[in-house]
Amino acid sequence: MRTMLTVGGAAVIAMYLLGGMSARHEIFPWPQLSAMKKMVGGEKPAAPSRYTFDDKQRLIGDESKTLVTCPTQTDRTAVLLVLGQSNAANHGGQRYRSNYGARVVNAFDKRCFIAASPLLGSTDTRGEYWTLLGNKLIASGQNDGVVLASLAYSGSQVTRWAKGGDLNPVLIDTVKQLQDSGYRITSVLWVQGEADLVHGTTGEDYQERFLSMIDTLRQHGVEAPVYISIASKCLEPTNGGFKEHIPDNPIVRAQLALSKSGHGIREGVNSDALLDGDDRYDDCHFGGTGEEKVSEAWLNLLRGGSRLEPSPQSSLFGPQAKAGRVVSTRISQEEYPSFPAVQQDVVGK
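For what it's worth, my numbering labels the leading residue of the sequence shown as 4, then goes sequentially.
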């Protein structure tokens with residue numbers, strides 16, 4: 004007992020002296036004691052979480068998910084491959100879940116889960132609007148079932164999705180997993196561009212890298228139309244963005260040109276124009292009202308428009324080109340073997 008009192012007294016005196024020597028002149032130097040505690044006992048383990056992430060911070064596990072048998076695809080099943088950055092990922096201000104049970108599923112790693120925010124396959128754990136879109140597609144009578152394959156990374160530039168980029172192999176793997184599960188993608192939905200505007204990507208480079216990604220899809224058997232959103236708006240430095248948005252910018256011009264270039268690329272939702280300040284909860288990411296507007300716009304686009312493209316080789320010289328639509332992108336067979344060679348732009352009448 005005496006020994007314990009002696010040790011305790013010495014510890015009190017030592018703490019008093021340390022406190023006097025500290026810059027804050029506290030009687031008990033809590034920062035120093037905290038550091039000593041960490042040295043002796045080690046760092047406190049992280050609190051348990053229901054979520055699991057991969058090395059790129061993509062959500063790959065959620066203990067709350069309901070595993071179901073993957074539904075068989077019919078001609079009334081929409082299989083949507085969602086690609087892009089944060090406004091395609093789990094960064095939304097409102098969560099949603101399937102209103103139709105296993106008729107709207109989140110396909111991931113050759114398994115299916117009843118769709119509910121956040122979706123496996125993309126970054127973060129907040130809301131998203133693809134589940135809401137799935138509900139709308141069934142409610143409208145457009146589809147009997149919806150399969151959502153979500154692959155979106157916060158802050159990703161288009162170069163990461165092109166051949167040689169770190170996300171290109173992940174894209175290929177996701178496509179193969181869907182195919183191995185018996186699914187044929189009916190639409191590819193691309194929501195990206197904000198990061199490239201901030202980083203100063205030129206319109207020419209954006210188009211070239213986007214076409215490289217499209218070539219990857221075509222080479223791996225994806226014949227579905229690819230909808231490219233008009234998306235470049237993400238404001239405020241806290242989001243890595245600018246103070247103000249200029250609607251007519253190189254990324255938007257590139258996206259519009261790509262949507263008219265043929266080979267199965269169509270114009271997606273123009274979120275830059277559709278949403279106002281109240282629809283983005285932090286001047287960048289979609290809030291509940293923004294998700295509602297965007298999902299409704301996607302519904303209108305996909306209604307009757309999600310049929311598979313006949314062939315990427317023929318589309319460039321299809322009705323659009325014959326009607327004199329502008330094709331602003333030059334295609335090289337050496338760079339993009341899935342596309343026909345084009346030596347000059349096709350200029351409208």
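Ideal placement from N, C-alpha and C gives every residue a C-beta, glycine not left out.
Treat the numbers as computed from the prediction; the structure is a model and nothing was measured.
Which listed residue (Thr72, Arg53, Thr292, Tyr156) has its alpha carbon closest to that of Arg98: For the residues Thr72, Arg53, Thr292, Tyr156, the minimum Cα distance to Arg98 belongs to Thr292.
Could you pull out every residue in the same chain whose Cβ sits closer than 6 Å to the Cβ of Lys68, ignoring the five residues on either side in sequence? Only Phe116 meet the Cβ criterion.
Using the rule of at least 16 other Cβ atoms within 10 Å of the residue's Cβ for burial, across every protein chain shown, is Asn303 buried or exposed? Flag for Asn303 reads exposed.
Would you mind working out which of Ser89, Pro172, Lys113, Gly144 sits nearest Leu305, comparing C-alpha positions? Considering only alpha carbons, the answer is Gly144.
Roughly how many angstroms lie between the CA atoms of Glu295 and Lys179, to the nearest whole one? Between Glu295 and Lys179, the C-alpha separation is close to 31 Å.
What is the DSSP secondary structure of Gly64, counted as helix, strand or coil? If DSSP states are grouped into helix, strand and coil, Gly64 belongs with the strands.
Taking 8 Å as the threshold, find out whether the stretch 129-141 comes into contact with the stretch 171-178 through three or more Cβ pairs. The stretch 129-141 vs the stretch 171-178: no contact.
Could you pull the start and end residues of the alpha helix (DSSP H) that Phe213 belongs to? Where Phe213 is concerned, the enclosing alpha helix (DSSP H) stretches over 206-222.
Hey, Ala300 and Val255 are a contact pair by Cβ (cut 8 Å); roughly how many whole angstroms apart? In fact, because the Cβ distance is near 16 Å, the residues do not count as touching under 8 Å.
So who's on the other strand from Arg100, going by DSSP bridges? Paired residue(s): Ala119.
Do you know how far the Cα of Arg163 is from the Cα of Trp133? Cα to Cα, Trp133 sits roughly 23 Å from Arg163.
Could you give the DSSP three-state label for Ala91: helix, strand or coil? For Ala91, the secondary structure class from DSSP, reduced to helix, strand or coil, is helix.
Element boundaries [beta strand (DSSP E), containing Ala152]: Annotation: the continuous beta strand (DSSP E) that includes Ala152 extends over 148-155.
Shortest alpha-carbon distance to Gln404 belongs to which of Lys236, Leu83, Arg269? There is no way to answer for residue 404, as the model of the chain reaches only from 4 to 352.
Helix or strand or just coil, what does DSSP make of Ala81? Collapsing the DSSP output to three states places Ala81 in a strand.
The stretch 228-241 touching the stretch 273-286, judged by at least three CB pairs closer than 8 Å: Segment contact: the stretch 228-241 against the stretch 273-286, three or more CB-CB distances shorter than 8 Å; contact assigned.
Under 7 Å between C-beta atoms, does Thr126 make it to chain B? The chain inventory of the structure shown lacks chain B, comprising one protein chain alone.
How many whole angstroms separate the CB atoms of Asp65 and Arg79, which I take to be in contact at a CB cut-off of 8 Å? Contact check for Asp65 and Arg79: beta-carbon distance about 28 Å, past the 8 Å limit, so the pair fails to qualify.
Among Leu214, Ala110, Pro51, Arg61, whose alpha-carbon lies nearest the alpha-carbon of Thr72? Ranking Leu214, Ala110, Pro51, Arg61 by Cα distance to Thr72 puts Ala110 first.
Cβ pair count under 8 Å reaching 3, the stretch 149-156 against the stretch 203-214: Result no; under three Cβ-Cβ pairs closer than 8 Å.
So, are the CB atoms of Ala165 and Val191 less than 7 Å apart? No. Outside cutoff.
Among Ala119, Arg114, Asp112, whose alpha-carbon lies nearest the alpha-carbon of Gly95? Nearest C-alpha to Gly95: Ala119.
Alpha helix (DSSP H) containing Ile141: first to last residue? Taken as a continuous stretch (DSSP letters only), the alpha helix (DSSP H) holding Ile141 covers 133-142.
Using only alpha-carbon positions, find the residue among Glu197, Phe213, Arg106, Gly267 that is nearest to Ala81. Measuring from the Cα of Ala81, the nearest candidate turns out to be Arg106.
Return the CA-CA distance between Ser184 and Ile249, expressed in angstroms with no decimal places. Between the C-alpha atoms of Ser184 and Ile249 there is a straight-line separation of about 43 Å.
Going by C-alpha to C-alpha distance, which of Lys263, Leu261, Asn252, Asn90 sits closest to Gly203? Ranked by Cα distance from Gly203, the options Lys263, Leu261, Asn252, Asn90 are led by Asn252.
Thinking C-beta only, is Val229 closer than 7 Å to Ile268? Yes, the Cβ-Cβ distance between Ile268 and Val229 is below 7 Å.
Just confirm the distance between the C-beta atoms of Val85 and Leu151, as a whole number of angstroms; I'd bet it's less than 8 Å. For Val85 against Leu151, the beta-carbon gap comes to about 7 Å, under 8 Å, which counts as contact.
Cβ-based neighbour list, Thr189, same chain, cut-off 6 Å, excluding 5 preceding and 5 following: Excluding its 5 nearest sequence neighbours in each direction, Thr189 has C-beta neighbours in its own chain below 6 Å: Ala81, Val82, Ala227, Ser309, listed in chain order.
In its own chain, which residues sit with a C-beta less than 6 Å from the C-beta of Gln76, not counting the 5 before and 5 after it? Excluding its 5 nearest sequence neighbours in each direction, Gln76 has C-beta neighbours in its own chain below 6 Å: Tyr186, listed in chain order.
Cut-off 7 Å between Cβ atoms - residues of its own chain near Leu136, not counting five sequence neighbours on either side: Scanning its chain for C-beta atoms nearer than 7 Å, with the 5 sequence neighbours on each side dropped, one finds around Leu136 the residues Ser298, Trp301, Leu302, in chain order.
Presumed contact (8 Å Cβ cut-off) between Gln88 and Ser159, rounded CB distance: So it is a contact: roughly 5 Å between Cβ atoms.
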